[in-house]
Amino acid sequence: MIVFVTGATSGFGAAIARKFALNGHKVIATGRRKERLDALAHEIGGQLLPIEMDVTSKESIQSALDSLPADWKEIDVLVNNAGLALGVAPAHEASLEQWETMIATNCQGLVTVTRLILPDMVKRDRGTVINISSSAGAYAYPGANVYGASKAFVDQFSKNLRADLAGTNVRASNIAPGLAGGTEFSNVRLQDDAAAAKVYEGTTPLSAEDIAETAWWIATLPAHVNINHVEIMPTCQGFGPLAIKRK
Ligand code: NDP
Ligand code: 8X3
Numbered sequence: 001m002i003v004f005v006t007g008a009t010s011g012f013g014a015a016i017a018r019k020f021a022l023n024g025h026k027v028i029a030t031g032r033r034k035e036r037l038d039a040l041a042h043e044i045g046g047q048l049l050p051i052e053m054d055v056t057s058k059e060s061i062q063s064a065l066d067s068l069p070a071d072w073k074e075i076d077v078l079v080n081n082a083g084l085a086l087g088v089a090p091a092h093e094a095s096l097e098q099w100e101t102m103i104a105t106n107c108q109g110l111v112t113v114t115r116l117i118l119p120d121m122v123k124r125d126r127g128t129v130i131n132i133s134s135s136a137g138a139y140a141y142p143g144a145n146v147y148g149a150s151k152a153f154v155d156q157f158s159k160n161l162r163a164d165l166a167g168t169n170v171r172a173s174n175i176a177p178g179l180a181g182g183t184e185f186s187n188v189r190l191q192d193d194a195a196a197a198k199v200y201e202g203t204t205p206l207s208a209e210d211i212a213e214t215a216w217w218i219a220t221l222p223a224h225v226n227i228n229h230v231e232i233m234p235t236c237q238g239f240g241p242l243a244i245k246r247k
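Residue numbers (our numbering): 1 to 247.
Set out below in structure tokens:
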């Protein structure tokens, strides 16, 4: 298989790239930090092709795709993993610029990559699109405002892809992870490494490898099986009660 992974410079994306490449598949690893991608390519070898790509730029995505060597062009699996949360401030105090960046990355970026890769999958009548949303797309919590909404968008976009692709051999899946550690997610969100470490204190969160295993499972099931949606939480995580503010 040829696997195209967005956000492969750290966390889930790097683990997914490793999983597929170490199992003998060709992986196109993309992200903005080229030196991270080069280090991954050095670690893995010729199975992994590092390509600098910013999902918020249509030109960057198009030029990444145009640059693929002839024997890397037929993408079988697209993993739309690149994404981020920025901040935990309530909606009336949150940074509008951070909201714009989350929408540009998690929503606009994901649909642009998909739209540019999907037609060839449909033409070949073969392929799997795996989107990474979040439990934050289904369960509201204070400070999740636009991040959670952007992931609800990914959930629904994944279902609507299924609706359009039904009857073809192109599959569309959505993975919605809960608390996951060992990635840079909270460092990016909080811009404070000590505060980021505290998020996982006293927990055994999901790991990037847990998500890579899930993506691997989805992509290697028999061709007639489409996993629509997988929601995963660590056993230490559960559901909160609805909040009631009393006077
Ligand atoms: P990381 O911060 O470790 O990884 C995020 C990846 O996204 C990086 O490789 C980063 O690469 C990439 N990225 C961000 N912006 C862009 C951009 N503009 N263009 C290209 N790549 C970009 O976080 P995780 O691995 O934890 O997160 C991966 C995905 O999983 C995200 O979509 C996140 O929302 C989601 N998720 C995470 C959970 C968690 O608890 N960790 C739980 C549920 C979902 P670079 O900066 O080099 O471009
Ligand atoms: C990441 C999970 O709970 O931090 O998407 O929003 S959470």
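Note that CB positions come from ideal geometry on N, CA and C, so glycine has one too.
Chain-order list of residues whose beta-carbon lies under 6 Å from that of residue i (same chain, five-residue window excluded)
{"i": "Ser-60", "result": "Met-53, Asp-54"}
{"i": "Val-188", "result": "Leu-84"}
{"i": "Phe-185", "result": "none"}
{"i": "Gly-7", "result": "Gly-13, Gly-31, Asn-81, Ala-82"}
{"i": "Ala-254", "result": "Outside the displayed range of the chain (1 to 247) lies residue 254, so it cannot be described from this structure."}
{"i": "Asn-131", "result": "Asn-80, Val-154, Ser-158, Asn-174"}
{"i": "Trp-99", "result": "Val-146"}
{"i": "Pro-50", "result": "Ala-29, Leu-37, Asp-38, Ala-41"}
Per-residue burial, residue i [other beta carbons within 10 Å of its own, 16 or more giving buried]
{"i": "Leu-37", "result": "buried"}
{"i": "Val-225", "result": "exposed"}
{"i": "Tyr-141", "result": "exposed"}
{"i": "Phe-20", "result": "buried"}
{"i": "Phe-157", "result": "buried"}
{"i": "Pro-90", "result": "exposed"}
{"i": "Ala-194", "result": "exposed"}
{"i": "Pro-241", "result": "exposed"}
{"i": "Pro-69", "result": "exposed"}
{"i": "Gly-109", "result": "buried"}
Cutoff 7 Å; reference residue i; Cβ partners in own chain excluding five residues on either side
{"i": "Cys-236", "result": "Thr-203, Thr-204"}
{"i": "Ser-134", "result": "Lys-151, Ala-176, Pro-177"}
{"i": "Ala-136", "result": "Ala-144, Tyr-147, Gly-148, Lys-151"}
{"i": "Lys-58", "result": "Thr-112"}
Supposed close pair residue i, residue j - CB separation, criterion 8 Å
{"i": "Val-79", "j": "Val-5", "result": "5 Å"}
{"i": "Thr-101", "j": "Leu-86", "result": "6 Å"}
{"i": "Leu-206", "j": "Ala-180", "result": "4 Å"}
Cβ neighbours of residue i in the same chain (closer than 8 Å, five flanking residues each side left out)
{"i": "Leu-165", "result": "Val-122, Arg-171, Ala-172"}
{"i": "Pro-167", "result": "Residue 167 is actually Gly in this sequence, not Pro. Contacts found: none."}
{"i": "Thr-183", "result": "Ser-10, Gly-11, Phe-12, Ala-208"}
{"i": "Asp-125", "result": "Thr-168, Asn-169, Val-170"}
Nearest-angstrom Cα separation, counted from residue j out to residue i
{"i": "Leu-116", "j": "Ile-28", "result": "15 Å"}
{"i": "Gly-24", "j": "Gln-47", "result": "7 Å"}
{"i": "Arg-32", "j": "Ile-244", "result": "42 Å"}
{"i": "Thr-220", "j": "Asp-71", "result": "21 Å"}
{"i": "Lys-26", "j": "Ala-163", "result": "29 Å"}
{"i": "Glu-43", "j": "Thr-128", "result": "26 Å"}
{"i": "Asn-169", "j": "Asp-76", "result": "11 Å"}
{"i": "Ser-95", "j": "Gly-45", "result": "41 Å"}
{"i": "Ala-104", "j": "Glu-201", "result": "31 Å"}
{"i": "Leu-160", "j": "Lys-247", "result": "First, the amino acid is wrong: residue 160 is Asn here, not Leu. Those two C-alpha atoms are separated by around 43 Å."}
{"i": "Ala-215", "j": "Leu-40", "result": "19 Å"}
{"i": "Val-113", "j": "Tyr-147", "result": "19 Å"}
{"i": "Ser-67", "j": "Glu-35", "result": "18 Å"}
{"i": "Leu-65", "j": "Glu-74", "result": "11 Å"}
Q: Count the CB pairs spanning the stretch 174-185 and the stretch 221-231 that are closer than 8 Å, and state whether there are at least three.
A: yes
Practice problem: Would you be able to state if there are at least three C-beta pairs under 8 Å between the stretch 204-213 and the stretch 1-19? | Solution: yes
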